[in-house]
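Visitor: The structure under discussion is supplied below as structure tokens; questions concerning it will follow.
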Amino acid sequence: EAGVTQSPTHLIKTRGQQATLRCSPISGHTSVYWYQQALGLGLQFLLWYDEGEERNRGNFPPRFSGRQFPNYSSELNVNALELEDSALYLCASSSIRTSHYEQYFGPGTRLTVT
Amino acid sequence: QKEVEQDPGPLSVPEGAIVSLNCTYSNSAFQYFMWYRQYSRKGPELLMYTYSSGNKEDGRFTAQVDKSSKYISLFIRDSQPSDSATYLCAMSFTGANSKLTFGKGITLSVRP
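Dropping the structure here:
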């Protein structure tokens with residue numbers, strides 16, 4: 002069974018630009034979660050999508066947004082990039098059977114803002 | 007006070023040692039308690055989860071939850087160099103739309 006995949010692996014952007022990160026969940030999983038893992042801050046919850054709808058949102062500004070497609074893959078968009086957005090962005094998925102606490106993570110996208 | 011606090015480490019132990027990793031939390035409404043392991047340059051992987059209080063054992067790993075003290079622990083017996091990783095505790099409420107709240111993680115190094 003293929004795990005959660007994320008693309009790209011690395012992304013380098015300059016301040017003010019937009020970044021788009023992509024995630025494909027494990028087959029059969031309907032929920033996708035996005036986290037930011039910045040140095041010294043641990044994993045911070047960003048967004049949760051299930052069945053195409055946003056279910057929960059972390060304490061991040063509106064320039065962090067996303068969507069979930071009919072095939073359950075997801076996209077995270079970060080507008081007006083700031084230096085402090087540099088971090089590892091992790092995507093996780095879960096199924097309705099295993100529930101929200103059993104999340105399977107992808108390898109992440111390393112975003113560097115210069 | 008942060009919702010979930012985890013000893014920052016790092017922690018270095020010799021091979022074969024018993025390792026104790028701990029987290030404290032402030033919100034008594036947390037009901038699910040998880041431990042994730044994250045190897046360098048990889049995403050976290052779920053090691054164990056516990057619902058409410060009690061102990062759970064899986065091979066060399068034991069997870070313990072003490073809700074009265076708002077304290078959770080992960081014990082690793084007979085630690086191996088392959089256990090060297092960052093360990094993150096996480097917790098959530100019951101109910102729909104509950105999110106996971108993570109500790110900052112502790113980096114463990116097991117010396118051969």
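Those protein sequences? They're chains Z and D, same order as listed. To convert, take the position in the first sequence, counting from 1, and add 1; that gives my numbering. To convert, take the position in the second sequence, counting from 1, and add 6; that gives my numbering. Yeah, the Cβ is synthetic: ideal placement off N, Cα and C, and Gly gets one too.
Out of Z:L84, Z:L47 and Z:A81, state which residue places its alpha-carbon closest to the alpha-carbon of R68 (chain Z).
Guide: With distances taken between Cα atoms, R68 (chain Z) lies closest to Z:L47.
Visitor: According to DSSP, is S25 (chain Z) part of a helix, a strand, or is it coil?
Guide: Three-state DSSP puts S25 (chain Z) in a strand.
Visitor: For F67 (chain D), would you say it is in contact with chain A, using Cβ-to-Cβ distances shorter than 7 Å as the test?
Guide: Among the chains of the structure shown, chain A does not appear; the protein chains present are Z and D.
Visitor: List the residues of chain Z that L94 (chain D) touches, going by C-beta distances under 8 Å, in chain order.
Guide: G43 and L44, listed in chain order.
Visitor: Since E54 (chain Z) is in the beta strand (DSSP E), which residue starts that stretch and which ends it?
Guide: E54 (chain Z) -> beta strand (DSSP E) spans E54 to R58.
Visitor: Between G43 (chain Z) and G15 (chain D), is the Cβ-Cβ spacing less than 7 Å?
Guide: Contact: no.
Visitor: Taking all protein chains shown into account, decide if D64 (chain D) is buried (16 or more other Cβ within 10 angstroms of its Cβ) or exposed.
Guide: Looking at its Cβ environment, which holds fewer than 16 other Cβ atoms inside 10 Å, D64 (chain D) is exposed.
Visitor: Let me see if you follow: with CB-CB separation under 7 Å, is H11 (chain Z) close to chain D or not?
Guide: Judged by the 7 Å Cβ criterion, H11 (chain Z) is not in contact with chain D.
Visitor: Within the same chain, show all residues whose beta-carbon is closer than 7 Å to that of G41 (chain Z), passing over the 5 residues directly before and after it, in chain order.
Guide: Taken in chain order, the list of residues that qualify is empty.
Visitor: Using a Cβ cut-off of 7 Å (strictly closer), state whether G111 (chain D) contacts chain Z.
Guide: Taking Cβ atoms only, chain Z reaches closer than 7 Å to G111 (chain D), which makes this a yes.
Visitor: Once DSSP output is grouped into helix, strand and coil, what is the label at P20 (chain D)?
Guide: The answer is strand: DSSP assigns P20 (chain D) an E or B state.
Visitor: Residues of the stretch 82-97 of chain Z in Cβ contact with chain D at a cutoff of 7 Å, in chain order, please.
Guide: Under the 7 Å Cβ criterion, the stretch 82-97 of chain Z contributes L91.
Visitor: Among Z:G4, Z:E103, Z:F106 and Z:S75, which residue has its Cα nearest to the Cα of T21 (chain Z)?
Guide: Here the closest residue by C-alpha is Z:S75.
Visitor: Taking 7 Å as the threshold (beta carbon to beta carbon), is F108 (chain D) in contact with chain Z?
Guide: Judged by the 7 Å Cβ criterion, F108 (chain D) is in contact with chain Z.
Visitor: What are the partner residues of R47 (chain D), as DSSP defines its beta bridges?
Guide: Bridge partners of R47 (chain D): none, in fact.
Visitor: I'd like to check one pair, L27 (chain D) with Y42 (chain D): are the Cβ atoms closer than 7 Å?
Guide: No. Outside cutoff.
Visitor: Excluding five sequence neighbours on each side, which residues of the same chain lie with their C-beta closer than 7 Å to the C-beta of S90 (chain D)?
Guide: Same-chain partners within the cutoff: L114, S115 and V116.
Visitor: Using CA coordinates, which residue listed in D:F99, D:K48 and D:F39 is at the minimum distance from Y55 (chain D)?
Guide: Among D:F99, D:K48 and D:F39, the Cα nearest to that of Y55 (chain D) belongs to D:F39.
Visitor: Run the CB neighbour count on H11 (chain Z), radius 10 Å, all protein chains shown included, and call it buried at 16 or more, exposed below.
Guide: Looking at its Cβ environment, which holds fewer than 16 other Cβ atoms inside 10 Å, H11 (chain Z) is exposed.
Visitor: In the DSSP assignment, find the beta strand (DSSP E) that holds D51 (chain Z) and state where it starts and stops.
Guide: From DSSP, the beta strand (DSSP E) with D51 (chain Z) extends over G43 to D51.
Visitor: Considering only residues of the same chain and omitting the five flanking positions on each side of H101 (chain Z), which have a CB-CB separation below 6 Å?
Guide: Here the set comprises S95.
Visitor: In the DSSP assignment, what residue or residues form a beta bridge with H11 (chain Z)?
Guide: Per DSSP, Z:R111.
Visitor: Checking the sheet assignment: what are the DSSP bridge partners for D64 (chain D)?
Guide: Answer by DSSP bridge pairing, in chain order: D:F67.
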